[in-house]
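Participant:
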Amino acid sequence: MESVKAVVFACGTEEYAVPVEQAISIEKLEQVTPIPHLPNYLLGFTRIRGELVPVLDFERILYNRSSNTATARIIVLNTDVVNYGLLVTEAREILDFDESVLQQLGLVNYSKTRYFTAVANLENRMITYVDPKILVNSLEGIREIIDYLHKMLENEKENVEA
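Taking the UniProt record's numbering, the leading residue of the sequence shown gets 1, the next gets one more, and so forth.
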């Protein structure tokens with residue numbers, strides 16, 4: 001049987017998971033530079049290992065409240081669109097799921113939650129599986145933010161070369 005390796009994290013009182021192959025690192029929430037007039041789900045930008053990364057607050061996306069607490073962590077995710085940090089209430093563990101416990105979700109058809117691709121129905125817990133690429137692409141205003149990020153990176157590169 002095939003297994004799926006995932007990073008499990010908490011947001012609010014629920015558990016979620018992202019594919020471990022897309023998780024670059026898990027970091028403490030440190031200095032985030034806010035940028036005015038950005039959507040409320042975007043805390044701002046931070047530098048992680050020299051790379052400028054937008055930080056998205058997952059609890060704000062889901063419940064419209066912040067997960068900015070002492071246990072909060074940033075899971076840095078890699079997608080072909082952009083690398084970004086996902087602020088979560090707590091990073092918990094890396095789990096191997098048997099594909100048999102992953103059930104496809106009817107919520108995939110609901111336009112606001114397409115990024116929930118499955119639920120791991122375990123004996124004593126349920127973990128919602130999140131697709132990082134679908135998540136970032138589903139956010140309103142994200143294209144402009146990614147364009148802004150690319151411009152900042154180009155300017156930074158030019159300043160280094162000058």
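Just so it is clear, CB atoms sit at the ideal spot from N, CA and C, and this is done for glycine as well.
1) Near GLN104, which residues of its chain fall below 7 Å by C-beta distance, leaving aside the five closest residues on each side in sequence?
2) How would you write the range of the alpha helix (DSSP H) that ILE145 sits in, first residue to last?
3) In whole angstroms, what separates the C-alpha of GLU14 from that of LEU62?
4) If you check the beta carbons only, do VAL18 and LEU77 fall under 8 Å apart?
5) According to DSSP, simplified to helix, strand and coil, what is TYR41?
6) What span of residues does the beta strand (DSSP E) with PRO54 cover, start to end?
7) With three or more beta-carbon pairs closer than 8 Å as the criterion, would you say the stretch 115 to 133 touches the stretch 31 to 50?
8) For VAL136, which three-state DSSP category applies?
9) Rounded to the nearest angstrom, how far is the Cβ of ILE26 from that of ARG73, given a contact under 8 Å?
Facilitator: Put simply:
1) As a working note, residue 104 is residue 104 in the sequence shown. ALA118.
2) Here residue 145 is taken as the residue at index 145 of the sequence shown, counted from 1. Residues 142 to 161.
3) Within the sequence shown, residue 14 is the residue found at index 14, counting from 1. Within the sequence shown, residue 62 is the residue found at index 62, counting from 1. Computed Cα separation, rounded: 11 Å.
4) For the purposes of this step, residue 18 is identified with residue 18 of the sequence shown, where counting begins at 1. For the purposes of this step, residue 77 is identified with residue 77 of the sequence shown, where counting begins at 1. Yes, the pair counts as a contact, with Cβ atoms nearer than the cut-off.
5) Locating residue 41 in the sequence shown gives position 41, where the first residue counts as 1. Here TYR41 sits in coil by DSSP.
6) Residue 54 sits at position 54 when you count from the first residue of the sequence shown. PRO54 -> beta strand (DSSP E) spans 51 to 57.
7) no
8) Sequence index remark: in the sequence shown, residue 136 carries index 136 (1-based). The answer is helix: DSSP assigns VAL136 an H, G or I state.
9) Here residue 26 refers to the residue found at position 26 of the sequence shown. Here residue 73 refers to the residue found at position 73 of the sequence shown. The Cβ separation is near 5 Å, so the contact holds.
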